[in-house]
Amino acid sequence: MMTNRDANPSSPTRQERKEALLTLLEQQRIDLLVESERFLRAGQSFDNGLKRLKTPLYMAGGLVAWHSLRHPYRMLHNAKRLLAGYVVVRKFRQYLK
């Protein structure tokens, strides 16, 4: 009885393929760790800049939330206008293409 391995003796065995795939997987994990570290370092200055704005942004968000609770109809009105503007811009971009 002839198997696939007998037909092509130069093909790698199952164990060899498994080891090659595990090696490739380990290398991809290392590459991912290196790239994630690089990404974090690249965004660190941006994150530091946001730390300065954290308190004012929280305060502004609180004021917007407070105003929205006091005047809910304005929030709905502005949401409708924002949605309409988005649809118009999207249609305009489609028209230009």
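3 is the number of the first residue of the sequence shown in this note's numbering; add one for each residue after it.
Every residue, glycine too, gets a C-beta built ideally from N, C-alpha and C.
No experiment lies behind these values; they were computed from the predicted model shown.
Excluding the five sequence neighbours on either side, which residues of its own chain have a C-beta within less than 7 Å of the C-beta of Arg31, listed in chain order? Result list for Arg31: empty, nothing under 7 Å.
When the distance is taken between beta carbons, is Ser70 closer than 9 Å to Met77? Yes, these two residues count as a Cβ contact at 9 Å.
Collapsed DSSP secondary structure at Lys82 in the structure displayed: Three-state DSSP puts Lys82 in a helix.
Cα separation between Tyr75 and Val90? Rounded to the nearest whole angstrom, the CA to CA distance from Tyr75 to Val90 is 23 Å.
Would you identify the three-state DSSP class for Pro58, choosing helix, strand or coil? Here Pro58 sits in helix by DSSP.
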